[in-house]
Each structure stands twice: as structure tokens, then as C-alpha cells.
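Here you go:
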């Protein structure tokens, strides 16, 4: 495909996404039905779509409109490309620019967030809001975690280098590696297939590094999902690990992932947790807005509503209370979100402590893209001894 044809395809896909189609599914369906497109074509079109979604308001301002065509015109201008060079007309390119499209709009002071979210984000980020918002317009770095059960960061970097994947240590965690060259090769690499590395943001790794893990613990990952946090914990401890998720289908890959990583974990259904309790440590990476990861999933920030946020905040409160009941006296409850928002982070911890006498906070910490990470929050709570 020519660069112009890639732009036209991105326009068509953006129109579908704007109408409500899920971005990831739209891209996947297009790729499956377009066998003529090579891997470079698919990657370029994906980049166009996600680059627009990360900075949709800016693209709309520069392109003078909200449709896929206007957004791509705006993106090209933002990237310093003259749209007229790629809007050259059929059979494969988009129609030439109209007279009205020849002039760029003004993107000064545009914020690439939904209007209703801006007060929440400014309250959470304070003086860092402008810098973080600017970084959220760009792609997130690709980070992998060295599996400390099998190697260390330096060894993993050398193993990856043998497959032409270049990485450097990330300062947030001793296990974190930022991939600077050929990140798309990771999932097909021997290092990944052999369980030497896993894809995981540096903030998640740093949060696990803070935990008071010891080998004699019984540890439950209460909202395990794909199991990334459990794998990270198991890289640092030979504790007895358990995994649970309210939606059991999310755990479908966990057995393969634990085998590849060289660890063991017992999956618990909801009805089995009480019999397996108490636990020394329960880690709750709760469902959240995902606002800290919107560089990776930019469509989500335009889809989130106030009612969605209210629902997930209520769910987080329920999960904290449910999990707390299964912590042994003097044991630990870790809470985490990939969110910037106070409602999901500090306010949740404050509310829990106010409602649960005797529980104490050991620490709370957050990360933002200014740390080279996704937005992430964690807190460690300790149960009363009696």
C-alpha cells in the first residue's frame, strides 16, 4: 500500500470508530479482511488511528472537523506533513483537499481530554497536569519485566539483544527494561516464549517491588485478570500463590503463562476463597477507569462517562471490603489502580480506613508519565492484630 492509501484506510476506520465501533476490533477485522496489506501497512494504519485518538481534539482543531477525514488532515499537520501530498484522489488516495480544507485551524490551548474529565484530572495531577497531558498525546514506551525467577535485568537485556531487540534498564524498577528498538518483535522472541521476559509497564513492576513479600506467605491475587501482577510477585518470592477473578474467563491464559514463567499458582473460584483463607497478603488490582493507560488505549478516554466512573468507584469499594475479610490478623491488603483520579485512589483508601477500625496504612504511592511509566497508584494496608 502507498502512504496515501494507508491514510485513506485510516480515515475509513476512524469513521467507524467515531460511530461507536471498538477501535481494537475495528482494526483487527480490517486486517483479517485485507490480506493484501502487509505487516508494515497494518502497523502504519494502526499508528495513524491511535495517534489520532490520543490527540483527537488537537487533530479536530487543526483539521477543522470531527470526521475521520478532518482528523487525519489534522494529524498530518501536527506531524509536519502537508496533507495535500497524500490527499491526491482515487483510486487509492483520499479526495484532494477542498478550498476550506487548505487552511489549518487553531489548536492553541486545546486539551486532549473529554471536557467533563479535565477538572478531575487537574485536581489529581495539580501542577503536573499540563506536562502529563502533553505526554499522554504520545505513544507509551514499551516496557518488559525480566523474570527474576530465571534471570536478571542485565541478562535479559543481553538475551534480547541476540534477537536484535534493544533494551535499556528503566529506573522505576530493578526488573524493568525499556525497549528502544524493535519492540514489535518481542512476542515472537525466544526470550518471551521461554518466559525470560513479560510485557509489563514499569509502574506495575515498581508497585510489586514495594510489597513486603516473603517465601512463607500465602498470597492471593484477587483481581488477577491475565496474571501479570501475580507473575511479577512470583518473580520476587517463592510464596504460595493463589489467583482469582470475578470474571473467570480472564484467567484463561494464566496456566500457560505460569508454566512459561516457571511458577505455580492455584486458581480459586469465588466460592472457594473462604475455605482457602486467611491470606498473608491479598493484592487487589481493581477494575478502574484506566486513565493512566490511555496512551495505550486512547479510545477508552473518549468512551468513559461520569456514570461509568461512578459505577467503577462503587465496585472498587465493594472489592476492598470483600478482600479485607480474607486477610489474616496483621496481614496485608494491597490496593492498586492504573488511574490518575483521586476518586479511585486516595479517596478510596481514606474511605476504607475511616470505615474499618484498626486498619493502618503502610504507604501509598503514585506514578505518572513524568516517571516514564503509565499512571498508577498503590497503597498497602495492614489488618489489625485482633
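Numbering (the numbering used here), first residue to last: 112 to 497.
Backbone N, C-alpha and C fix where the C-beta goes; we use that ideal spot for every residue, glycine too.
These numbers were taken from a predicted model, which means no experiment stands behind them.
{"Check": "Please determine, among 341, 122, 480, 147, the residue with the shortest C-alpha to C-alpha distance to residue 137.", "Outcome": "122"}
{"Check": "Taking residue 370 as part of the alpha helix (DSSP H), name the residues at either end of that continuous run.", "Outcome": "365-372"}
{"Check": "Report yes if the C-beta distance between residue 239 and residue 452 is below 8 Å; otherwise report no.", "Outcome": "no"}
{"Check": "If you draw a straight line from the alpha carbon of residue 340 to that of residue 368, how long is it in whole angstroms?", "Outcome": "12 Å"}
{"Check": "What are the partner residues of residue 377, as DSSP defines its beta bridges?", "Outcome": "353"}
{"Check": "What is the DSSP secondary structure of residue 472, counted as helix, strand or coil?", "Outcome": "strand"}
{"Check": "Strictly by DSSP, which residues pair up with residue 287?", "Outcome": "256"}
{"Check": "Give the straight-line distance between the Cα atoms of residue 190 and residue 201, rounded to the nearest whole angstrom.", "Outcome": "24 Å"}
{"Check": "What does DSSP give as the partner residues of residue 489 in its beta bridges?", "Outcome": "447, 476"}
{"Check": "From what residue to what residue does the alpha helix (DSSP H) around residue 301 run?", "Outcome": "301-304"}
{"Check": "So, with DSSP's three-state summary, where would you put residue 320?", "Outcome": "helix"}
{"Check": "Measuring alpha carbon to alpha carbon, tell me which residue in 213, 282, 160, 470 is nearest residue 132.", "Outcome": "160"}
{"Check": "To the nearest angstrom, report how far apart residue 460 and residue 468 are at their CA atoms.", "Outcome": "13 Å"}
{"Check": "Below 8 Å between beta carbons: does that hold for residue 310 and residue 267?", "Outcome": "no"}
{"Check": "Alpha carbon to alpha carbon, what distance is there between residue 472 and residue 294?", "Outcome": "38 Å"}
{"Check": "Determine the burial state of residue 477: buried for a count of at least 16 other Cβ atoms within 10 Å of its Cβ, exposed for fewer.", "Outcome": "buried"}
{"Check": "Of the choices 112, 118, 433, 242, whose alpha-carbon is the least far from that of residue 150?", "Outcome": "112"}
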